[in-house]
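Notes for the one structure printed next.
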Amino acid sequence: MGEVWRATDEVLGRAVAVKLLLGDQADASSTARFRLEAQTAARLSHPHLVAVFDFGAWEDRFFLVMELVEGQSLGDLLAAQERVHPELVARIAGQAAAGLAAAHRQGIVHRDIKPGNLMLDADGSVKIGDFGIAQFVDDPSTALTTAGHIVGTSLYLAPERALGRTADSASDMYSLGCVVYQLLLGQPPFRSDTATATLYQHVDTPPVPLRQRGVDISAAFDAYLLGLLAKQPEERPTAQQVSDWFRTDAWRGRPEPLPAQTPTSHRATAPMAPKPSPAAPSAPVGPTTYRLPGPTGRRRQAPARSAPARRRSTREAIRRRPRVASAIAGTATFLAAVYLGMILFSPDSSSAGTPDQSPSSAPSAPSQDGGGAQPQGDQQPDGEQRGDRQQDDQRQGEDGNRHRDGEDEQDD
15 MGEVWRATDE VLGRAVAVKL LLGDQADASS TARFRLEAQT AARLSHPHLV AVFDFGAWED
75 RFFLVMELVE GQSLGDLLAA QERVHPELVA RIAGQAAAGL AAAHRQGIVH RDIKPGNLML
135 DADGSVKIGD FGIAQFVDDP STALTTAGHI VGTSLYLAPE RALGRTADSA SDMYSLGCVV
195 YQLLLGQPPF RSDTATATLY QHVDTPPVPL RQRGVDISAA FDAYLLGLLA KQPEERPTAQ
255 QVSDWFRTDA WRGRPEPLPA QTPTSHRATA PMAPKPSPAA PSAPVGPTTY RLPGPTGRRR
315 QAPARSAPAR RRSTREAIRR RPRVASAIAG TATFLAAVYL GMILFSPDSS SAGTPDQSPS
375 SAPSAPSQDG GGAQPQGDQQ PDGEQRGDRQ QDDQRQGEDG NRHRDGEDEQ DD
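Numbering (the numbering used here), first residue to last: 15 to 426.
Now the structure itself:
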């Protein structure tokens with residue numbers, strides 16, 4: 015709609031693009047659409063959207079002053095080469111989705127995404143222009159359509175729009191998917207002899223995966239593109255999701271680490287048993303050392319030092335046992351000797367040991383010589399007998415002490 019001229023802004027001294035509405039197109043509908051484009055673009059400010067600077071009329075002709083894009087459209091790119099490299103296509107798709115996301119956040123649906131409305135500047139950056147048939151989501155009256163009349167290009171029209179339903183942001187994503195498909199293959203996903211037949215294909219015919227048509231792209235890229243071309247609007251990703259996905263390397267289809275490799279890597283990186291440092295001297299462990307069957311990570315324990323002490327205490331206990339037994343035996347012998355002496359040498363025991371004399375054995379009367387009674391035979395007095403027995407007991411005690419001292423010397 016209209017024609018575009020290169021011009022110079024004399025006030026600011028910059029090059030601009032001036033879109034001029036032709037005289038034969040200056041009907042009420044075209045004028046309203048042209049004005050809508052100016053109002054819509056003026057609400058948007060994004061690196062991937064063509065900026066609008068001014069709008070007005072000159073000699074009953076409306077004009078729109080816009081940002082000048084030094085470059086070419088994607089339509090020109092497709093005319094120059096049959097297919098576009100997947101890496102460039104991924105960059106174009108990501109940037110175009112970012113621009114659409116900015117418009118959708120403002121409640122604006124472009125409704126005419128096609129190669130001719132996507133520009134590449136001198137740096138290769140995407141610029142989306144021509145919001146002439148854009149629609150404000152919160153104001154359906156801005157669609158500027160009549161009943162039974164579909165506004166848009168049939169090759170890139172979403173199925174819901176082909177059925178006459180209201181366009182939304184998902185409709186723009188379907189159109190972008192058709193453009194990406196055409197950039198990779200050289201032709202759009204659906205094309206027929208008539209526009210009506212093409213619209214039926216959008217509604218009923220599933221798209222053929224590009225890998226089946228000989229396009230060298232990853233399976234991830236192919237599957238994601240089929241998601242953009244889903245028949246149901248709710249099944250398509252949003253513009254922001256598409257922009258985020260293409261900014262990563264996900265479209266390359268680089269495989270993630272396989273789960274089966276995880277245990278192997280864990281085994282390879284498992285911490286081994288700590289090796290003893292050669293600089294750290296080991297503690298002395300005595301003349302005998304022990305070698306473990308293998309490095310197990312356990313700390314070698316020093317030999318127990320309480321075992322010799324226990325052996326010494328046991329040996330001393332065994333050595334003390336004869337001394338204790340000898341002392342007990344000597345004590346018992348001494349007590350037995352004392353007890354026997356008390357019995358034998360007590361006054362009661364001497365009288366008990368001498369038989370009682372009967373009257374018939376009474377001592378005879380003193381002799382006529384006048385001497386007293388004399389002892390009979392070799393009989394000794396009682397005092398001498400006690401002295402002899404005490405000497406015998408003393409000898410037995412000394413013999414017992416010598417016996418005990420001998421046993422102690424043998425033990426030592």
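We put the CB at the ideal spot given by N, CA and C, even for glycine.
Note that the coordinates shown come from a computational prediction; the quantities given were computed from them, not determined experimentally.
query	result
Residue range of the alpha helix (DSSP H) that includes arginine 261	253-261
Local Cβ density within 10 Å of histidine 99, reported as buried at 16 or more and exposed below that	exposed
Which listed residue (Leu169, Thr54, Tyr188) has its alpha carbon closest to that of alanine 111	Tyr188
Cα-Cα separation between alanine 56 and alanine 116, rounded to whole angstroms	13 Å
Presumed contact (8 Å Cβ cut-off) between methionine 80 and valine 66, rounded CB distance	5 Å
Identity of the residues DSSP links to glycine 113 by a beta bridge	In DSSP, glycine 113 forms no bridge with anything.
Identified DSSP bridge partners for valine 103	Paired residues: none, contrary to the question.
Assigned secondary structure, glycine 397 (DSSP; H/G/I helix, E/B strand, else coil)	Only weak support is given to the placement of glycine 397: the predicted model assigns it a pLDDT of 49, under 50, and the value that follows is read from those uncertain coordinates. Residue state, collapsed to three classes: helix.
Residues near glutamate 84 in its chain [Cβ-Cβ closer than 7 Å; skip 5 each side]	Asp135, Ala136
Spatial distance of alanine 94 from arginine 28 (CA atoms)	30 Å
Through-space distance from leucine 224 to tyrosine 195, alpha-carbon basis	8 Å
Close beta carbons around glutamate 96, own chain, < 6 Å, minus the five adjacent residues each side	Gly200
As assigned by DSSP and simplified to three states, the class of glycine 108	helix
Reduced DSSP secondary structure (H/G/I, E/B, other) of alanine 21	strand
contact_flag[the region 225-239, the region 171-188] where n(CB pairs < 8 Å) is 3 or more	no
Reduced DSSP category for alanine 31 - H, G, I as helix; E, B as strand; rest coil	strand
Nearest-angstrom Cα separation, counted from proline 251 out to arginine 266	18 Å
Contacting residues, own chain, Cβ-Cβ under 6 Å from alanine 31 (five flanking each side not counted)	Val18, Met80, Leu82
Cβ neighbour criterion (16 or more within 10 Å) applied to tyrosine 238	buried
Three-state secondary structure assigned by DSSP to arginine 75	strand
Closest by C-alpha distance to serine 206, when choosing among Leu35, Phe76, Leu169, Pro247	Leu169
Nonlocal neighbours in the same chain, by C-beta distance under 6 Å from phenylalanine 48, ignoring five residues either side	Leu35, Phe76
Whole-Å CB distance - glycine 191 paired with proline 129, under 8 Å assumed	With 8 Å as the limit, glycine 191 and proline 129 do not qualify as a contact, their Cβ atoms being about 13 Å apart.
8 Å contact criterion, which threonine 219 and phenylalanine 204 should meet: CB distance rounded	6 Å
Straight-line Cα distance separating lysine 141 from histidine 62	4 Å
Length of the line joining the Cα atoms of serine 87 and aspartate 41	28 Å
Classification of alanine 71 by the beta-carbon crowding that lies within 10 angstroms, buried from 16 upward	exposed
As assigned by DSSP and simplified to three states, the class of serine 206	coil
Aspartate 186 Cβ short of 7 Å to the ligand ZN heavy atom set	This structure does not include the ligand ZN; it has no bound ligands of any sort.
First through last residue of the beta strand (DSSP E) which encompasses valine 194	Here valine 194 belongs to no beta strand (DSSP E); instead the alpha helix (DSSP H) covers 183-199.
Integer Cβ distance of alanine 107 from valine 256, believed to fall under 8 Å	7 Å
Own chain residues within Cβ distance below 6 Å of serine 185, not counting five before or after	Ala172, Arg175
Cut-off 7 Å between Cβ atoms - residues of its own chain near leucine 453, not counting five sequence neighbours on either side	No statement about residue 453 is possible, as the shown extent of the chain runs from 15 to 426 and does not include it.
Residue nearest to leucine 91 in terms of C-alpha spacing, selected from Leu198, Glu248, Trp259	Leu198
Spatial distance of aspartate 144 from alanine 209 (CA atoms)	22 Å
Coarse secondary structure for glutamate 81, derived from DSSP in three states	strand
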